[in-house]
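A.B. asks: For what it's worth, the numbering used here labels the leading residue of the sequence shown as 81, then goes sequentially.
C-beta atoms are modelled at their ideal positions from N, C-alpha and C, and glycine is treated no differently.
First, the structure itself, so that you have it in front of you.
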Amino acid sequence: MDSSFCGEGGRYQSDDTRLGACCPAQGQRQASGIRWYNDRLMKALALLLSCLLWGSLAKPKFPEEEKNPSFWNAWAQRTLKDALTLQVLNRNIAKNLILFLGDGMGVPTVTAARILKGQLNGCYGEEVQLEMDKFPYVALAKTYNTDAQVADSAGTATAYLCGVKANEGTVGVSAAAVRGQCNTTQGNEVTSILKWAKDAGKSVGIVTTTRVNHATPSAAYAHCVDRDWYSDGEMPPEAVQAGCKDIARQLMENIPNINVIMGGGRKYMLPENTSDVEYPSTRGTRKDGRNLIEEWVDRTKDKRGYYVWNKKDLLSINPSSVDYLMGLFEPGDLPYDLERNTSMDPSLTEMVEVAVKILKNNPEGFYLLVEGGRIDHGHHEGKAKQALHEAVEMDRAIGHAGLLTSPHDTLTVVTADHSHVFDFGGYTRRGNSIFGLAPMVSDVDQKPFTAILYGNGPGFKLVNGSRVNVSTVDYQQNNYQAQAAVPLRMETHGGEDVAVFSRGPMAHLLHGVQEQNYIPHVMAYAACIGQNKDHCQKGNSAVRSSALAPPTLGLVITVTWLLC
């Protein structure tokens with residue numbers, strides 16, 4: 081494609097059709113704007129010379145229409161018109177519930193992913209919308225664990241799945257349980273919204289890009305005082321002897337009829353002398369000799385159950401003829417989306433599509449937990465490009481799920497468990513590559529720096545006692561580790577609040593600044609499952625919005641006029 085301006089780390093396309101499709105006007109660019117860009121294209125030689133001279137310091141152009149106040153006024157008026165429609169609240173009973181959990185997807189990650197999504201589609205980036213941005217309600221959730229100011233993924237998963245805050249490192253148990261102490265498990269178990277939904281007759285599913293027994297998914301079905309007890313091979317002998325169960329075993333036993341399970345983690349299901357089907361040199365980790373995959377297959381083979389371990393087999397099934405599906409596509413976590421073998425490993429979007437289609441077979445509805453789990457891993461490794469591409473892929477899955485469901489009867493919530501010490505800044509110009517340089521050098525060491533930086537992590541590097549000159553390395557490569565202020569082998573979580581986006585029945589109840597454990601209570605209330613059922617009408621799948629919605633301003637004015 082042709083280029084209309086010089087930007088750091090590459091040039092962004094000026095194709096007017098594509099730009100019009102992703103700019104906030106949501107339509108064709110004005111004729112004057114097209115002529116403006118065509119005029120610029122005629123001056124390609126001048127632009128090329130400018131790029132060569134100024135490179136990353138050249139100020140990128142922005143859409144011509146943005147110079148006109150009417151552009152911003154019209155956009156704001158359209159947004160206002162849309163907002164006014166929210167006066168009539170969606171008070172339907174939610175037949176379906178979907179929770180999208182971006183592990184480590186703090187607000188800076190959301191913003192950077194938005195820009196990346198736009199730039200991948202030829203836009204400047206800042207002006208586009210993520211699918212989650214289109215949700216009408218946004219709240220903030222406080223993420224702290226009961227024993228930690230900056231949370232981990234296990235304690236937070238217990239909060240947004242089980243409805244109670246918990247200690248870090250523990251899943252599916254209350255704060256009375258102590259990490260690593262097996263004897264504090266019994267009596268302190270707490271159940272999740274996935275179980276509440278199953279008990280109410282709904283189908284339930286878990287889809288993740290990590291191991292299916294990782295921290296986030298395990299809180300949906302397990303009660304474990306240590307998130308790292310993936311199989312009995314990772315447990316201390318005394319815990320096994322005391323009767324504590326590993327997480328993979330609990331996946332098979334605690335809620336044995338989970339309809340859809342997809343992600344990684346094959347090795348935790350297999351005996352330690354069993355080779356992996358895809359990587360023969362990789363063996364199972366179980367010491368008890370159990371093959372949990374075979375047990376699951378035997379249990380579901382007469383119940384329209386299917387086990388798959390690769391993309392081809394997954395996409396070959398007919399969802400309408402499946403009631404149970406287990407898909408384990410890697411021994412451990414799934415690869416980053418940028419590194420995924422597209423012939424063997426399904427994308428998150430592909431897994432979500434199959435999951436929703438299977439779960440929709442149940443006329444009573446469903447609950448689905450979807451985790452974009454490797455956003456977190458990318459940040460921990462200081463690999464911002466991996467993390468942000470994972471976030472963009474999760475957003476694509478959100479959009480696809482929206483096409484398969486309706487906000488009339490499906491409550492969809494998008495949130496994160498915690499943030500990271502990730503950010504971007506440096507007065508970058510409009511349209512600057514999200515992975516590019518800031519348009520200045522440090523006024524202390526006179527070296528350039530990337531817009532993306534970490535507060536700590538493996539990106540801290542010194543050469544001859546001073547900061548690395550990033551212009552001497554390929555900071556655009558997939559596994560580049562962005563510079564960090566404090567050296568650590570692994571970057572840490574961040575402690576700020578995370579966003580909660582919601583759409584569908586009762587989504588308006590997710591508002592303001594709330595404790596993270598509030599989320600499953602709202603979702604259960606919306607679906608008439610769990611402990612809040614007094615508002616539900618028996619035998620009715622939906623409460624009419626018009627019957628329960630408060631009177632609008634227009635109605636009040638009309639009644640007042642009639643009375644007067």
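Would you list, in sequence order, the uninterrupted beta strand (DSSP E) runs of no fewer than 3 residues that lie entirely inside the region 268-349?
C.D. replies: Entirely contained in the region 268-349, the beta strand (DSSP E) runs reaching 3 residues are, in chain order, 283-291, 340-344.
A.B. asks: Suppose the cutoff is 8 Å on Cβ atoms and the five residues either side in sequence are ignored; what does the same chain contact list for Ile514 look like?
C.D. replies: Contacts found: Ala192, Ile195, Leu196, Gln199, Gly205, Leu468, Phe504, Ala531, Ile532.
A.B. asks: What would DSSP say about Met406, mapped onto helix, strand or coil?
C.D. replies: Correct three-state label for Met406: strand.
A.B. asks: Is the Cβ-Cβ distance between Tyr348 and Gln330 less than 9 Å?
C.D. replies: Taking 9 Å as the Cβ cut-off, Tyr348 and Gln330 do not qualify as a contacting pair.
A.B. asks: What first and last residue would you give for the alpha helix (DSSP H) that runs through Gln596?
C.D. replies: Counting along the chain, Gln596 falls outside any alpha helix (DSSP H), and DSSP gives it neither H nor E.
A.B. asks: Mapping the DSSP letters down to three states, classify Tyr560 as helix, strand or coil.
C.D. replies: In the structure shown, Tyr560 sits in coil (DSSP, three-state: anything other than H, G, I, E or B).
A.B. asks: Could you check the C-alpha separation between Val320 and Asp312 for me, to the nearest Å?
C.D. replies: Looking at the two C-alpha atoms, the distance is approximately 7 Å.
A.B. asks: Provide the residue span of the beta strand (DSSP E) that contains Lys222, from first to last.
C.D. replies: It spans 217-222 - the beta strand (DSSP E) in which Lys222 sits, taken as one unbroken run.
A.B. asks: When the Cα of Thr68 is compared with those of Leu179, Asn337, Leu177, Ser233, which residue comes out closest?
C.D. replies: Outside the displayed range of the chain (81 to 644) lies residue 68, so it cannot be described from this structure.
A.B. asks: Between Val580 and Val218, how many whole angstroms is the CB-CB distance? I'm expecting something under 8 Å.
C.D. replies: Contact holds; Cβ gap of about 7 Å.
A.B. asks: Relative to the C-alpha of Met586, which candidate in Glu144, Asn172, Leu166 has its C-alpha closest?
C.D. replies: Nearest option by C-alpha distance: Asn172.
A.B. asks: Measure the alpha-carbon distance for Gln556 versus Met212 and round it to whole angstroms.
C.D. replies: Near 26 Å, if we compare the C-alpha coordinates of Met212 and Gln556.
A.B. asks: Hey, quick one: how far does the alpha helix (DSSP H) through Thr572 stretch, first residue to last?
C.D. replies: From DSSP, Thr572 is part of no alpha helix (DSSP H); its letter is neither H nor E.
A.B. asks: Taking 8 Å as the cut-off, does the region 235-254 touch the region 404-416 (at least 3 CB pairs, one atom from each stretch)?
C.D. replies: Touching, no.
A.B. asks: Determine the contact status of Gly267 and Thr250, defining contact as a CB-CB distance below 9 Å.
C.D. replies: Going by C-beta atoms, Gly267 is not nearer than 9 Å to Thr250.
A.B. asks: Between Gln596 and Ser400, what straight-line distance do the alpha-carbon atoms span, to the nearest angstrom?
C.D. replies: Those two C-alpha atoms are separated by around 35 Å.
A.B. asks: Skipping 5 residues on each side, what residues in its chain have a beta carbon closer than 6 Å to that of Gly539?
C.D. replies: Around Gly539: Gly462, Gln561, Ala562, Gln563, Ala564.
A.B. asks: By the three-class DSSP mapping on this structure, what secondary structure does Leu52 have?
C.D. replies: In this structure the chain extends from 81 to 644, so residue 52 is not present and cannot be described.
A.B. asks: Per DSSP, what kind of secondary structure is Thr264 in: helix, strand or coil?
C.D. replies: Of the three classes helix, strand and coil, the one that applies to Thr264 here is helix, per DSSP.
A.B. asks: Determine the extent of the alpha helix (DSSP H) in which Met520 is found, giving its start and end residues.
C.D. replies: Where Met520 is concerned, there is no enclosing alpha helix (DSSP H), although the beta strand (DSSP E) it sits in stretches over 517-521.
A.B. asks: By alpha-carbon positions, which one of Asp525, Gly535, Thr552, Phe529 ends up nearest to Gly545?
C.D. replies: Taking only the C-alpha atoms, the option nearest Gly545 is Asp525.
A.B. asks: Measuring CB to CB, does Met424 end up less than 9 Å from Lys392?
C.D. replies: Cβ distance < 9 Å, so Met424 and Lys392 count as in contact.
A.B. asks: Tell whether a beta-carbon distance below 9 Å holds between Gly407 and His294.
C.D. replies: No. Outside cutoff.
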